[in-house]
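Everything on this sheet refers to the single structure shown next.
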Amino acid sequence: MRIEFDLPLPKFFRVLYFTSFGFLAASLAVSFWCLFGAGDDWWFIAHNFDFDEKNNLPHVFKSLLLVFCSVAIFLNARAQAAVQGDFLKHWRVLGWIFLALAVDEEVQIHQKTVALCVAQFLHLDENNTPNSKLLWVVPYLFFAACFCLAYVKFWWKLPSRVRATFAVAGIIYVGGAVFVEEIAHKCAIYWGNANVPYLFLTNFSEFMQMIGSILFLQALALFYALRTLPAPLTPASK
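This note's numbering puts the first residue of the sequence shown at 128, with every later residue one more than the last.
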């Protein structure tokens, strides 16, 4: 009997995708409702679903996705340790990195502490610097470059489907977290944040991060299945 592996899409992943699309629809709805004249009575609903706000339901969901990724990475590390697999240290370090990203996402270290430290290092006035909120991008991109160099061999040794999915998930996540958010921030500088382009950009920036996290989690689940499920029987072994 031959076992076919594909990207696993059980109910758990369907729920994650539906939740992401639901949050996007809710955020767009409340964003446009507030833009076109909703009163203060809608503030509570808008705050709890707007992607441009922090400490709300979509924000907690994003943090949970990173925690799920961290747990899945540690499970893969444990599976690798059981069979004395390669890159065990890489798996463990990656798990701690994602756990740190989850904490960062929840308390916004990158936009508060890191941005402030970069501003002080460059002798910039944070209050009078238009791009002050995005100063965290500089050290984070440097870290990402170092990470890619350290993990390129690890990534290349992954199964081809897992390797491709890792790459796509990373491109989607970083594209949303850095590049789309940068465009949204430029839009806010020139035209403010009460306009349609800014609302679309901020919503899709957060949505891309959600989708990238879920796709990465699926790749981790696939790798775990490939390493733990019995291998298909060959004619010689029958």
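From the three backbone atoms N, C-alpha and C, an ideal C-beta is built for every residue, glycine too. These numbers were taken from a predicted model, which means no experiment stands behind them.
Counting along the chain, no alpha helix (DSSP H) covers Phe306, and no H or E run does either.
A straight line joining the alpha-carbon of Val305 with that of Ala346 spans about 22 Å. Between the beta-carbon of Met335 and that of Ile310 there is about 12 Å, and that puts the pair past the 8 Å contact cut.
Contact check for Pro185 against Phe178 passes: the beta carbons are separated by less than 8 Å. By the Cβ criterion, the stretch 312-328 is in contact with the stretch 154-163, since at least three pairs of Cβ atoms, one from each stretch, lie closer than 8 Å. In this structure, Lys284 lies near Asp213, with their beta-carbon atoms less than 8 Å apart. Phe163 sits in coil when the DSSP states are folded into three classes, being neither helix nor strand. Ala204 is not a Cβ neighbour of Leu192, given a cutoff of 8 Å. Bounds of any alpha helix (DSSP H) do not take in Ala321, whose DSSP letter is neither H nor E. Judged by their CB atoms, Ile341 and Leu143 are nearer to each other than the 8 Å cut-off. The residue from Val289, Ala227, Leu151 and Gly149 with its alpha-carbon nearest to that of Leu344 is Val289. With 16 or more other CB atoms across the displayed protein chains lying within 10 angstroms of its CB, Gly339 is buried. Counting only the Cα atoms, Asn320 lies some 39 Å from Trp282. Collapsing the DSSP output to three states places Asp179 in coil. The DSSP-derived three-state label of Leu328 is helix. The criterion of a C-beta distance shorter than 8 Å is satisfied by Gly222 and Ser197. The Cβ-Cβ distance between Gln211 and Trp218 does not fall below 8 Å. In this structure Ala272 is exposed. Its beta-carbon is surrounded by fewer than 16 other beta-carbon atoms within 10 angstroms.
In the DSSP assignment, Asp213 falls outside any alpha helix (DSSP H), carrying neither H nor E. CA-CA distance, Val187 to Leu353, rounds to 31 Å.
Boundaries of the alpha helix (DSSP H) around Leu202: Leu184 to Ala209. Sixteen is the threshold: since fewer than 16 other Cβ atoms of the shown chains lie within 10 Å of the Cβ of Phe145, the residue is exposed.
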